[in-house]
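Chains as they are written, first to last, in this note's numbering: chain A, 117 to 218; chain B, 1262 to 1729.
Note sheet for the following structure.
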């Protein structure tokens, strides 16, 4: 069965919106924000794979693979920073990181 | 990869090789020699790009080509990296930032910037701009002694990751709509036009984050304040010019849609007005420069908006000039900061007399940012507003000129602090002696500001070739 192009796009947009909502709503917790970003990037990969299938070329799949590498690099960097800051302040709550007024 | 290919993309190879060399040889060498290796490599990448004659040589590598645009952008990026490395060696020693990873990360940034300048498809372009951001997340939070540094890094990382996801979604929609990742010939068929428009909209939002255009500017002051001063210099020049180049590559080669005109108009308007007005209220010089950079990015967006060749060449010219101005400003701040960051504006009272050379450079940078002739800042602003009026954006250009006039107030306030104020109460701590490396870097930036301002024809010729 071939899933229609627009159905996949709608699913991807919904996922992207949910991820964005997660980032915006859980602004107080760094880990939850990272999960939200992850969901957003997964919806991007879904769109790329669907685009590849639609046009019959592998470029989108390649982009999706690269995105997997990119997200893992990003998360490892973010988690390293969270561990480092957690050692200083014993907290992953973003409200505790407000020493600069901005 | 043939020899011709290797010669064409040599700046990329130099930067990557030097970054790995610095990392590997770091434990065995003195900090001073590591810095020098890094400086020489960064400068060599730029010099190679200038002297290498075979622009447009056919490269068999997928996604990369050495174009006229690369020949213009790579020297700018490499100048920014070189001056940052020169400035940061002594600064890092004073602040206890140890290890070779600082120099290596700067070189990795330069590598990603060079790749960005050579990219010919969306995949390479996206990976390059994300690698630039990654390197900056690390550089911003490298100052372990100061609490603001890590906090700024975390804020920048979270904001940057969201922006990256938004840009990626935009690119994926453009790909789904057009069926190609190549920068040339991305033509939207009528049936999928809504998808491509949505993609462009998301890309504009993501770029607004990266260029820190209002209303996506809130991270900028915190990150600039928290970052070490040489890193702030590199961040405000390298990453901003990279984001502008990213957008330019998208716009110039794939026929922009009419739909993005209005969002870009509003972003430019908001950045020019809010950036300049908010800068009036700042008491910390790095936050003031952050708001000033938001305003300057508003001018860039104004030139991008015109969609004409004149506008694009004004963007590139302003990018180069802005690099020189901000390197001079942040470089002087870095050099005047001792074990403590010299942040508050009042800490600069009378420094024009106690540290005449660095005070003069800071004053020159402020005059250039305010756009006062004969500095390069005037020339850059002139070209932007000229291109905007020629492109039919008269209202926005007039608003821009008015806000630029307002901005002179807070730039000149720094000059007044430097030369014309008596310290109230205790005099600010006298700065340490300037080191040769810092003096060299500041002199280079100042010479660039004055040279481009007085004799711009060489750079205009290169620009003309870059946009063909």
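Just so you know, even glycine gets a beta-carbon here, dropped at the ideal spot from N, CA and C.
Give the DSSP-derived three-state secondary structure of residue i in the structure shown.
i, result
"residue 1616/B", "coil"
"residue 1494/B", "helix"
"residue 1443/B", "strand"
"residue 1691/B", "coil"
"residue 1451/B", "helix"
"residue 1474/B", "coil"
"residue 1322/B", "coil"
"residue 1396/B", "helix"
"residue 1797/B", "Nothing about residue 1797/B can be read from this structure; chain B reaches only from 1262 to 1729."
"residue 1380/B", "strand"
Express the C-alpha separation of residue j and residue i in angstroms, rounding to a whole number.
i, j, result
"residue 1440/B", "residue 1500/B", "29 angstroms"
"residue 1566/B", "residue 1529/B", "9 angstroms"
"residue 137/A", "residue 1395/B", "24 angstroms"
"residue 1689/B", "residue 1619/B", "15 angstroms"
"residue 1557/B", "residue 1533/B", "7 angstroms"
"residue 149/A", "residue 211/A", "13 angstroms"
"residue 1421/B", "residue 1431/B", "15 angstroms"
"residue 1661/B", "residue 1560/B", "7 angstroms"
"residue 1729/B", "residue 1572/B", "14 angstroms"
"residue 1507/B", "residue 1377/B", "7 angstroms"
"residue 1554/B", "residue 1491/B", "16 angstroms"
"residue 1450/B", "residue 1576/B", "30 angstroms"
"residue 168/A", "residue 175/A", "7 angstroms"
"residue 130/A", "residue 1438/B", "18 angstroms"
"residue 1426/B", "residue 181/A", "15 angstroms"
"residue 192/A", "residue 1364/B", "21 angstroms"
"residue 1445/B", "residue 1648/B", "25 angstroms"
"residue 1266/B", "residue 1273/B", "11 angstroms"
"residue 1677/B", "residue 145/A", "44 angstroms"
"residue 1374/B", "residue 1306/B", "11 angstroms"
"residue 1361/B", "residue 1691/B", "30 angstroms"
"residue 1322/B", "residue 1339/B", "23 angstroms"
"residue 188/A", "residue 1685/B", "53 angstroms"
"residue 1551/B", "residue 1313/B", "36 angstroms"
"residue 1205/B", "residue 1722/B", "Since the displayed chain B opens at 1262 and closes at 1729, residue 1205/B lies outside it and no answer follows."
Answer with buried or exposed for residue i, where buried requires no fewer than 16 other C-beta atoms within 10 angstroms of its C-beta.
i, result
"residue 1296/B", "buried"
"residue 1645/B", "buried"
"residue 1601/B", "exposed"
"residue 1478/B", "buried"
"residue 123/A", "exposed"
"residue 1704/B", "exposed"
"residue 1523/B", "exposed"
"residue 1460/B", "buried"
"residue 1349/B", "buried"
"residue 1489/B", "buried"
Between residue i and chain D, is any beta-carbon pair separated by less than 7 angstroms?
i, result
"residue 148/A", "Although the question refers to chain D, the structure presented lacks it and instead comprises the protein chains A and B."
Using a C-beta to C-beta distance shorter than 9 angstroms, which residues of chain A count as neighbours of residue i?
i, result
"residue 1436/B", "163, 164, 167, 168, 171, 175, 176 and 179"
"residue 1371/B", "The premise fails here: residue 1371/B is roughly 18 angstroms from chain A at the closest Cβ pair, so nothing lies under 9 angstroms."
"residue 1510/B", "Those do not exist, as residue 1510/B stays about 17 angstroms from chain A at its closest Cβ, beyond 9 angstroms."
"residue 1384/B", "175, 178, 179 and 182"
List, in chain order, every chain B residue whose beta-carbon is nearer than 8 angstroms to that of residue i.
i, result
"residue 197/A", "1398, 1402, 1411, 1414, 1415 and 1418"
"residue 134/A", "What residue 134/A touches in chain B: nothing, since even the nearest Cβ is about 12 angstroms away."
"residue 201/A", "1411, 1412 and 1415"
Less than 7 angstroms between the C-beta atoms of residue i and residue j, yes or no?
i, j, result
"residue 1642/B", "residue 1652/B", "no"
"residue 1526/B", "residue 1480/B", "no"
"residue 156/A", "residue 179/A", "no"
"residue 1413/B", "residue 1311/B", "no"
"residue 1638/B", "residue 1586/B", "yes"
"residue 1695/B", "residue 1596/B", "yes"
"residue 1433/B", "residue 163/A", "yes"
"residue 1468/B", "residue 1504/B", "yes"
"residue 1671/B", "residue 1588/B", "no"
"residue 1371/B", "residue 1342/B", "yes"
Show which residues of chain A have a CB atom less than 8 angstroms away from the CB atom of residue i.
i, result
"residue 1641/B", "Result: empty, since nearest Cβ-Cβ is about 28 angstroms, beyond 8 angstroms."
"residue 1440/B", "167, 170, 171 and 173"
"residue 1388/B", "182 and 186"
"residue 1395/B", "189, 190 and 193"
Which chain B residues sit within Cβ distance under 9 angstroms of residue i?
i, result
"residue 192/A", "Those do not exist, as residue 192/A stays about 10 angstroms from chain B at its closest Cβ, beyond 9 angstroms."
"residue 157/A", "1422, 1425, 1426, 1429 and 1430"
"residue 125/A", "1434, 1437 and 1456"
Starting from residue i, find everything on chain A with Cβ-Cβ shorter than 7 angstroms and list it in chain order.
i, result
"residue 1423/B", "139 and 153"
"residue 1556/B", "Within 7 angstroms Cβ-Cβ: nothing; residue 1556/B doesn't reach chain A, min ~17 angstroms."
"residue 1605/B", "Here the premise fails: no neighbours, minimum Cβ distance about 14 angstroms."
"residue 1391/B", "186"
"residue 1325/B", "What residue 1325/B touches in chain A: nothing, since even the nearest Cβ is about 15 angstroms away."
"residue 1550/B", "Those within 7 angstroms of residue 1550/B in chain A number zero; the least Cβ separation is about 14 angstroms."
List the residues of chain B whose Cβ lies closer than 7 angstroms to the Cβ of residue i, in chain order.
i, result
"residue 130/A", "Ordered by position in chain B, no residue passes the 7 angstroms Cβ test against residue 130/A, which lies about 12 angstroms from the chain."
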